[in-house]
Amino acid sequence: MDKQPDIKIGSAPTVRPKNAATLLLLDLEGDVPAVLMGRRSRKLAFMPGLYVFPGGRTDRSDHAAPRTGNLQESDLVRLTRSFGARGTRSKAEAIALSAIRETWEETGLMIAAPDDSHGSVASGADWTAFGDAGVAPDLSALRYVARAITPPGQVRRFNTRFFAAKRSSVANPGGLHTNAEDEIEDVCWVPLPEVTDLPVHPITTIMLETVTKRLASDPDLTRDAEIPCTFYRYGRFHRVME
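Here's what the structure looks like:
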């Protein structure tokens, strides 16, 4: 990367990055594209007060979650490869499902399609609401658009896969809410050109630039495209295409 992001490199002991997923839910119907964001509670230790896209760690329950539809084949291949030699379809789909789950938990919106055949959900999973609504998470609604790994020296590190989906894939458009008691406050649709006017993390800016560039060449999010991966090594940030 020629332009280095303004991300401080900490001094905490090196920890292995946890798998995580983030969703850029896009409203492409208006003259100016918008993305769903929320402000992290100022009480939180990690990125307090910053506006973020919905996302979080992948849980064990995501592997057994109900689902309908399939990831686009090229996305499935790239997601699987992102795990290295231990990559599997199950891991790739679990990552995508965690983006859907986190979006529901933080904003109330379900990226889902009608389905009443998903059966029981593993104990402790956060998928009951989908079944109660007669829908199942829709993997076909997601496009894999980027990956980023938290630099070493941070207390928390994530190997995050970023996905994009259209607002039209939401099964319950009236379900938007703010989950202030947990993590996210002030959930709102933000026009893409205005995102950087908000307090955001540098990686959010990078992902905004990534998806804006993707939309310029692939406005319907239907084409196969290489995935940029941002990481820190040898004293600087790098970006490679996967």
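Going by the working numbering, the first residue of the sequence shown is number -17, and it counts up by one from there.
Beta carbons are placed, not taken as given, at the ideal position from N, Cα and C, and that holds for glycine.
- Membership of K148 in any alpha helix (DSSP H) is not indicated; the residue belongs instead to the beta strand (DSSP E) covering 140 to 148.
- Taken atom to atom, the span from the alpha-carbon of T178 to that of K195 is near 15 Å.
- Taken in chain order, the complete alpha helix (DSSP H) segments of 4 residues or longer contained in the segment 28 to 103 are 55 to 63, 71 to 89.
- In the structure shown, the three-state DSSP call for P155 is helix.
- The count of Cβ pairs closer than 8 Å, one atom from the segment 194 to 214 and one from the segment 23 to 33, stays below three, leaving the stretches out of contact.
- Residues of the same chain with a CB within less than 8 Å of the CB of M29, apart from the 5 flanking positions on each side, are R22, H183 in chain order.
- If you compare the alpha carbons of A81, E55, E84, W86 with that of R71, the shortest gap goes to E55.
- Judged by DSSP in its simplified three-state form, P15 adopts coil rather than helix or strand.
- Taking the Cα positions, K148 is about 18 Å away from I77.
- When the five nearest sequence neighbours on each side are left out, the beta carbons in the same chain lying within less than 7 Å of the beta carbon of T85 are those of L5, L7, P36, L91, I93, in order along the chain.
- Taken through DSSP and simplified to helix, strand or coil, P181 comes out as coil.
- In the three-state reduction of the DSSP assignment, E208 falls in the coil class.
- By the Cβ rule, the segment 209 to 216 counts as touching the segment 117 to 137, because three or more pairs are nearer than 8 Å.
- Exclusion of the five residues before and after E165 leaves R22, S23, L26, E88 as the residues of its chain whose Cβ lies within less than 7 Å of its Cβ.
- In the DSSP assignment, T4 falls within the unbroken beta strand (DSSP E) covering 0 to 9.
- Secondary structure at R196: helix, using DSSP grouped into helix, strand and coil.
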